[in-house]
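Asks: I'd like to ask you about the structure that follows.
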Amino acid sequence: MRHPADNRPRTGSKATEGAFPLRQFILKTHSRCNLACTYCYLYAGPDHGWRDRPRAAPDAVTRRTAERIAEHAATHRLRDVAVVLHGGEPLLNGADALAADVDLIRRTVPADCAVHASVQTNGTLLTADRLRVLRDARIRVGVSLDGGLPAHNAARVDHAGRPSWAAASAGVRLLAETAPEAYGGLLCVVDLAHDPVEVYESLLAFRPPRMDLLLPHGNWTAPPPGLPASADDPAPYGSWLSAVFDRWWGAERRETRIRLFEECVALLLGLRSPVERLGLQPFTAVVIETDGGIEQVDSLKSAYEGAAATGLDVFRNSFDDALAHPGVAARQAGLAALAATCRACPLVTVCGGGHYVHRYREGSGFRNPSVYCADMALLIRHIARRLAEAAAPAPAASRVRREAP
Numbered sequence: 006m007r008h009p010a011d012n013r014p015r016t017g018s019k020a021t022e023g024a025f026p027l028r029q030f031i032l033k034t035h036s037r038c039n040l041a042c043t044y045c046y047l048y049a050g051p052d053h054g055w056r057d058r059p060r061a062a063p064d065a066v067t068r069r070t071a072e073r074i075a076e077h078a079a080t081h082r083l084r085d086v087a088v089v090l091h092g093g094e095p096l097l098n099g100a101d102a103l104a105a106d107v108d109l110i111r112r113t114v115p116a117d118c119a120v121h122a123s124v125q126t127n128g129t130l131l132t133a134d135r136l137r138v139l140r141d142a143r144i145r146v147g148v149s150l151d152g153g154l155p156a157h158n159a160a161r162v163d164h165a166g167r168p169s170w171a172a173a174s175a176g177v178r179l180l181a182e183t184a185p186e187a188y189g190g191l192l193c194v195v196d197l198a199h200d201p202v203e204v205y206e207s208l209l210a211f212r213p214p215r216m217d218l219l220l221p222h223g224n225w226t227a228p229p230p231g232l233p234a235s236a237d238d239p240a241p242y243g244s245w246l247s248a249v250f251d252r253w254w255g256a257e258r259r260e261t262r263i264r265l266f267e268e269c270v271a272l273l274l275g276l277r278s279p280v281e282r283l284g285l286q287p288f289t290a291v292v293i294e295t296d297g298g299i300e301q302v303d304s305l306k307s308a309y310e311g312a313a314a315t316g317l318d319v320f321r322n323s324f325d326d327a328l329a330h331p332g333v334a335a336r337q338a339g340l341a342a343l344a345a346t347c348r349a350c351p352l353v354t355v356c357g358g359g360h361y362v363h364r365y366r367e368g369s370g371f372r373n374p375s376v377y378c379a380d381m382a383l384l385i386r387h388i389a390r391r392l393a394e395a396a397a398p399a400p401a402a403s404r405v406r407r408e409a410p
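Residue numbers for the sequence shown, in this note's numbering: 6 to 410.
Here's what the structure looks like:
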């Protein structure tokens with residue numbers, strides 16, 4: 006399915022030798038959002054490329070994207086790929102259109118390649134009918150919230166400044182009650198202004214099968230809220246996350262899965278992690294914009310204008326061409342891509358240098374420790390101590406064997 010005018014190197018060329026195939030394809034089905042969250046790195050950040058793109062992906066872009074995914078899966082003999090429907094707000098495109106996009110991709114990829122589809126939404130447009138369509142199309146639904154109370158979501162407003170909480174919370178409850186098999190979980194951006202345990206417990210009320218806690222996108226040039234830290238609390242985000250970890254870890258039963266914590270535990274035990282924020286595993290995700298442009302993930306747009314751009318598109322380029330892009334290659338280089346400070350750190354196999362975009366500093370690029378270095382170190386060491394406590398033998402008195410009289 007290679008475009009006849011595309012003479013760039015195929016897999017196996019020097020350009021892609023040793024590269025890891027892409028496994029997650031993030032499709033921008035709509036480039037606009039019905040909300041105007043005040044902290045949004047995409048629409049309120051330094052990159053304004055979204056303004057020049059079509060609102061919805063034309064059929065030609067969707068078809069060509071499906072062909073390129075199929076080509077990549079066949080070339081690398083992939084048994085499964087992940088397709089994430091994203092935006093903006095993807096449900097502005099309609100649930101039927103999203104289901105049709107996923108169906109096209111499933112019909113186009115090789116028969117032995119499974120397509121795991123999901124949609125990430127702000128929840129405000131979820132209805133019973135839309136959920137039925139998504140569930141029947143085997144599309145998992147993830148919802149972004151900043152906590153389970155109205156006060157936690159004050160920054161999530163529409164374009165008229167009106168709060169989105171009523172619609173978003175109603176949508177999540179409807180998802181949990183009517184389509185639990187399609188419930189992918191919740192995403193929550195950490196906000197130091199709110200009590201960590203309160204935020205966690207408020208989200209539990211929505212019965213999420215899993216949740217993820219995300220650090221606000223910031224870097225050394227444009228630090229996130231609360232950084233640089235004070236002498237009294239040198240790692241405020243690490244302390245916040247550690248408090249949630251203790252509440253989650255200490256529960257009598259596992260109330261939900263938290264991806265950040267599970268992956269940290271896995272890495273401390275010597276296992277692998279599939280997430281970008283931790284570990285040294287290669288990054289294998291790519292974005293397809295509504296105009297067919299192939300880009301690196303959106304988080305890079307929080308660094309500077311054009312940081313995610315590759316100059317490639319699905320009409321002229323294969324996804325192997327994306328693997329040869331210097332930005333993608335850097336994110337697959339593991340230890341070699343890290344700053345000397347990180348390479349010498351005993352936590353590097355767990356931390357992995359932190360999220361790539363959080364390393365950025367104007368003038369020196371991304372070869373720096375994460376702006377959250379102290380926070381991640383505190384969290385990792387805290388989890389390591391809790392693991393050690395759990396593995397320690399019980400006191401002798403508690404091991405006294407009860408013998409029959």
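Every residue gets a Cβ at the ideal spot worked out from N, C-alpha and C, and that includes glycine.
If you're wondering where the values come from, they're calculated on a predicted model, not measured in any experiment.
Would you say the stretch 25-33 touches the stretch 279-299, given that touching needs at least three Cβ pairs under 8 Å?
Replies: The stretch 25-33 is in contact with the stretch 279-299.
Asks: Would you kindly work out how many angstroms separate the C-alpha atoms of residue 231 and residue 305, rounded to a whole number?
Replies: Between residue 231 and residue 305, the C-alpha separation is close to 21 Å.
Asks: With a floor of 3 residues, list each beta strand (DSSP E) that falls wholly inside the stretch 64-137, ordered by position along the chain.
Replies: 85-91, 119-126
Asks: Out of 46, 35, 41, which one is the CA nearest neighbour of residue 303?
Replies: 46
Asks: Skipping 5 residues on each side, what residues in its chain have a beta carbon closer than 7 Å to that of residue 138?
Replies: Around residue 138: 100, 101, 104.
Asks: Jot down the residue ranges of each uninterrupted alpha helix (DSSP H) in the stretch 147-190, minimum 4 residues, whole runs only, in chain order.
Replies: 170-183
Asks: So, are the CB atoms of residue 120 and residue 86 less than 7 Å apart?
Replies: yes
Asks: Run through DSSP, which three-state label would residue 143 get?
Replies: coil
Asks: Using a Cβ-Cβ cutoff of less than 8 Å, which residues in the same chain neighbour residue 169 once the five nearest sequence positions on both sides are dropped?
Replies: Once the five neighbours on either side are set aside, the close Cβ partners of residue 169 are 40, 127, 129, 158, 161, 162, 163.
Asks: Among 338, 142, 320, 367, whose alpha-carbon lies nearest the alpha-carbon of residue 71?
Replies: When each option's Cα is compared against that of residue 71, the closest is 320.
Asks: To the nearest angstrom, report how far apart residue 112 and residue 333 are at their CA atoms.
Replies: 28 Å
Asks: Excluding five sequence neighbours on each side, which residues of the same chain lie with their C-beta closer than 8 Å to the C-beta of residue 69?
Replies: 297, 319, 320
Asks: Would residue 312 and residue 300 qualify as a contact pair, given that the criterion is a beta-carbon distance under 7 Å?
Replies: no
Asks: Please classify residue 315: does DSSP put it in a helix, a strand, or coil?
Replies: strand
Asks: Could you tell me which uninterrupted alpha helix (DSSP H) segments, each at least 4 residues in length, are contained entirely in the stretch 235-284, listed from first to last along the chain?
Replies: 241-254, 264-273
Asks: Our contact map puts residue 247 next to residue 384 with C-beta atoms below 8 Å; I'd like the distance itself, whole angstroms only.
Replies: 6 Å
Asks: Our contact map puts residue 42 next to residue 84 with C-beta atoms below 8 Å; I'd like the distance itself, whole angstroms only.
Replies: In fact, because the Cβ distance is near 37 Å, the residues do not count as touching under 8 Å.
Asks: Tell me whether the beta-carbon of residue 146 lies closer than 7 Å to the beta-carbon of residue 181.
Replies: No, they are not a contact pair.
Asks: Considering only residues of the same chain and omitting the five flanking positions on each side of residue 249, which have a CB-CB separation below 6 Å?
Replies: 201, 205
Asks: Which residues mark the beginning and the end of the beta strand (DSSP E) in which residue 292 is found?
Replies: 290-293
Asks: Would you tell me roughly how many angstroms separate the C-alpha atoms of residue 211 and residue 349, rounded to the nearest one?
Replies: 42 Å
Asks: Assign residue 62 to one of three DSSP states: helix, strand, or coil.
Replies: coil
Asks: Do residue 308 and residue 224 have their C-beta atoms within less than 7 Å of each other?
Replies: Cβ atoms of residue 308 and residue 224: closer than 7 Å.
Asks: For residue 387, name the three-state secondary structure that DSSP assigns.
Replies: helix
Asks: Around the C-beta of residue 67, are 16 or more other C-beta atoms found within 10 angstroms, so that it is buried, or is it exposed?
Replies: By the C-beta density criterion, residue 67 is buried, having at least 16 other C-beta atoms within 10 angstroms.
Asks: Residue 97: which of 79, 61, 107, 282 sits nearest, CA to CA?
Replies: 61
Asks: Whose CA, out of 254, 50, 167, 275, lies closest to the CA of residue 353?
Replies: 275
Asks: Quick one: using the 10 Å Cβ neighbour count with 16 as the cut-off for buried, is residue 75 buried or exposed?
Replies: Under this definition residue 75 is a buried residue.
Asks: Answer with buried or exposed for residue 323, where buried requires no fewer than 16 other C-beta atoms within 10 angstroms of its C-beta.
Replies: buried
Asks: Using alpha carbons as the reference points, say which of 73, 393, 95 lies closest to residue 110.
Replies: 73
Asks: Which of helix, strand or coil does DSSP assign to residue 35?
Replies: Residue state for residue 35 is assigned as strand, using DSSP reduced to three classes.
Asks: Quick check on DSSP: helix, strand or coil for residue 370?
Replies: Here DSSP, grouped into helix, strand and coil, assigns residue 370 to strand.
Asks: So, at 6 Å on beta carbons, what are the nonlocal neighbours of residue 9 in its own chain, with the 5 sequence-adjacent residues on each side left out?
Replies: Model confidence at residue 9 stands at a pLDDT of 30, short of 50, so the residue's coordinates are unreliable; what they give is reported in the following sentence. Non-local C-beta neighbours of residue 9 in its own chain, meaning closer than 6 Å and more than five positions away in sequence, are absent.
Asks: Between the Cα of residue 269 and the Cα atoms of 59, 357, 63, 23, which residue gives the shortest distance?
Replies: Residue 269 has its Cα closest to that of 357, out of 59, 357, 63, 23.
Asks: Roughly how many angstroms separate the alpha carbons of residue 38 and residue 55, rounded to a whole number?
Replies: In a straight line, the C-alpha of residue 38 is about 11 Å away from that of residue 55.
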